[in-house]
Amino acid sequence: MRIGTSVTRLLGIDLPVIQAGMSWASSCSALPLAVSAAGGLGVIAAGPMRLPDLERAIDEVEAGTDRPYAVNLPLYRKGADEVMDALCARRIPVLIASQGGPRRYLRRFQERGTVCLHVVASEEHAAKAVEAGVDGLVVVGAEAGGHPPAGLVSTLVMVRAVARQTPGTPIIASGGFADGAGLAAALALGAGAAQFGTRFIASAESNLHPAYKKAVLAAGVGDTRTVGHQIGLIRLLANEFAERMAELERTAAGLELRRAEFAGSSLRMAALDGDVARGKVEAGQSAGLIDAILPAAEIVRGLAEEYEATLSTLPPVERP
Numbered sequence: 268m269r270i271g272t273s274v275t276r277l278l279g280i281d282l283p284v285i286q287a288g289m290s291w292a293s294s295c296s297a298l299p300l301a302v303s304a305a306g307g308l309g310v311i312a313a314g315p316m317r318l319p320d321l322e323r324a325i326d327e328v329e330a331g332t333d334r335p336y337a338v339n340l341p342l343y344r345k346g347a348d349e350v351m352d353a354l355c356a357r358r359i360p361v362l363i364a365s366q367g368g369p370r371r372y373l374r375r376f377q378e379r380g381t382v383c384l385h386v387v388a389s390e391e392h393a394a395k396a397v398e399a400g401v402d403g404l405v406v407v408g409a410e411a412g413g414h415p416p417a418g419l420v421s422t423l424v425m426v427r428a429v430a431r432q433t434p435g436t437p438i439i440a441s442g443g444f445a446d447g448a449g450l451a452a453a454l455a456l457g458a459g460a461a462q463f464g465t466r467f468i469a470s471a472e473s474n475l476h477p478a479y480k481k482a483v484l485a486a487g488v489g490d491t492r493t494v495g496h497q498i499g500l501i502r503l504l505a506n507e508f509a510e511r512m513a514e515l516e517r518t519a520a521g522l523e524l525r526r527a528e529f530a531g532s533s534l535r536m537a538a539l540d541g542d543v544a545r546g547k548v549e550a551g552q553s554a555g556l557i558d559a560i561l562p563a564a565e566i567v568r569g570l571a572e573e574y575e576a577t578l579s580t581l582p583p584v585e586r587p
């Protein structure tokens, strides 16, 4: 099956299904490889990876498929310049950069044939990225796990606003998507693909502790929280850490106390150690739409089939 859009044509993939680059969950080869081989775009999350581990993951993906894949690089990470040098030298097919300006990397990657996508969470940053010359945008809305926009504007509104502002720019919508109906909605808004994060957390290949995956399956749509206001906003599942942070924010506790509490927990605690009570269990509101852990290839195929089924249910226009 193929679904042709501006994004699938730009990236050379069959389906407008992008697996989000998620620290620890896709800081490996297994999940990106499975998604790319199934016709979507698998994304290696370079954020927490040592350079030798990242290079090994790239080698494994390239050995397992000839389909395009991406590397997600948070530009603030320690050693980002060294990682960029290595990725540029390897001529990776797609770079998805976040949390920094695109002018820092754009020209040298594009000169080597790498498609450059930039993650944005506001109209202002989208306009600046397009002006800088990015090949496409990943537009994040409030429903997303991890790092939603500070203003908590919904994906429904943010994607539509950016699509209207930047006509002709390929857009990947991110935040709140878990099934083929969501994919159809993303394309209706003017995006050329949808990015799925939490849906791929609940995959057989995601590199997360089983307790983390079980917590995602158990969550309802109202079971996430946003904490870290003025520190670094994140969306995560409600747990002891999230409720403690929320209480400090409700009572206007001092910034230093909130920073200390925030720093006392980490994504790694949940992702690798399985401490889903005190760790940062980052996940989006779409967790409430997910009820099974499936192989990643099956998820990709299911999204495409659900998309097709959704289109068949839409009512036609009736004219007198």
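Just so you know, we're using the working numbering here: the sequence shown kicks off at 268 and counts up by one. Note that CB positions come from ideal geometry on N, CA and C, so glycine has one too.
Query                                                                                                                                                                                : Result
Taking contact to mean 3 or more Cβ pairs, one atom from each stretch, closer than 8 Å, check whether the region 462-470 and the region 508-516 are in contact.                      : no
Return the Cβ separation of Ser-290 and Pro-299 in integer angstroms, given the expectation that the two are a contact with Cβ distance under 8 Å.                                   : Ser-290 to Pro-299, Cβ: 13 Å. No contact.
Using a 10 Å radius around the Cβ and a threshold of 16 neighbouring Cβ atoms, would you call Gln-462 buried or exposed?                                                             : buried
Would you identify the three-state DSSP class for Ala-462, choosing helix, strand or coil?                                                                                           : The sequence given here places Gln at residue 462; Ala does not occur at that position. Strand, per DSSP.
Taking 7 Å as the cut-off, decide whether the C-beta atoms of His-227 and Pro-369 are in contact.                                                                                    : Residue 227 falls outside the range modelled here, since the chain spans only 268 to 587, and no answer is possible.
Would Val-429 and Val-407 qualify as a contact pair, given that the criterion is a beta-carbon distance under 7 Å?                                                                   : no
So what's Pro-299 in DSSP terms, helix, strand or just coil?                                                                                                                         : helix
What do you get for Arg-374, buried or exposed, if any count of 16 or more other CB atoms within 10 angstroms of its CB means buried?                                                : exposed
Using DSSP bridges, identify the partner residues of Asn-474.                                                                                                                        : None, per the DSSP bridge assignment.
Between Arg-357, Glu-514, Glu-349, Val-350, which has its C-alpha nearest Phe-591's C-alpha?                                                                                         : Residue 591 lies beyond the range of the chain shown here (268 to 587); nothing can be said about it.
Inspect the beta-carbon positions of Val-284 and Gly-309 and report whether they are closer than 7 Å.                                                                                : no
So Ala-563 packs on Ala-305, CB below 8 Å; how close in whole Å?                                                                                                                     : 7 Å
Rounded to the nearest angstrom, what separates Arg-357 and Glu-349 at their Cα positions?                                                                                           : 13 Å
Who does Ile-285 pair with in a DSSP beta bridge?                                                                                                                                    : Leu-308, Gln-462
Per DSSP, what kind of secondary structure is Ser-579 in: helix, strand or coil?                                                                                                     : helix
Name the DSSP beta bridge partners of Arg-492, please?                                                                                                                               : Leu-503
Which residue from Leu-570, Arg-502, Arg-526 puts its Cα closest to that of Ala-409?                                                                                                 : Arg-502
Could you spell out the range, first to last residue, of the beta strand (DSSP E) harbouring Ala-448?                                                                                : Premise fails: Ala-448 lies in the alpha helix (DSSP H), 447-456, not in any beta strand (DSSP E).
Check each candidate in Leu-539, Gly-499, Ala-538 and name the one with the smallest Cα separation from Ala-527.                                                                     : Gly-499
First and last residue of the alpha helix (DSSP H) that includes Pro-319?                                                                                                            : 318-331
For Arg-334 and Ala-505, what's the separation of their Cα atoms in angstroms?                                                                                                       : 37 Å
Can you give me the start and stop residues for the alpha helix (DSSP H) that Ser-273 sits inside?                                                                                   : 273-278
For the region 327-362, list the beta strand (DSSP E) runs that are entirely contained and at least 3 residues long, ordered along the chain.                                        : 336-341
Identify the continuous alpha helix (DSSP H) that holds Ala-440 and give its terminal residues.                                                                                      : Note, Ala-440: premise wrong, no alpha helix (DSSP H); beta strand (DSSP E) at 438-441.
Kindly list the residues whose CB is nearer than 6 Å to the CB of Pro-415, restricted to its own chain and excluding five residues on each side of it in sequence; keep chain order. : Ala-409, Arg-502
Check Val-543 in the structure and name its three-state DSSP category.                                                                                                               : coil
If we call anything under 7 Å between Cβ atoms a contact, is Ala-538 one with Leu-475?                                                                                               : yes
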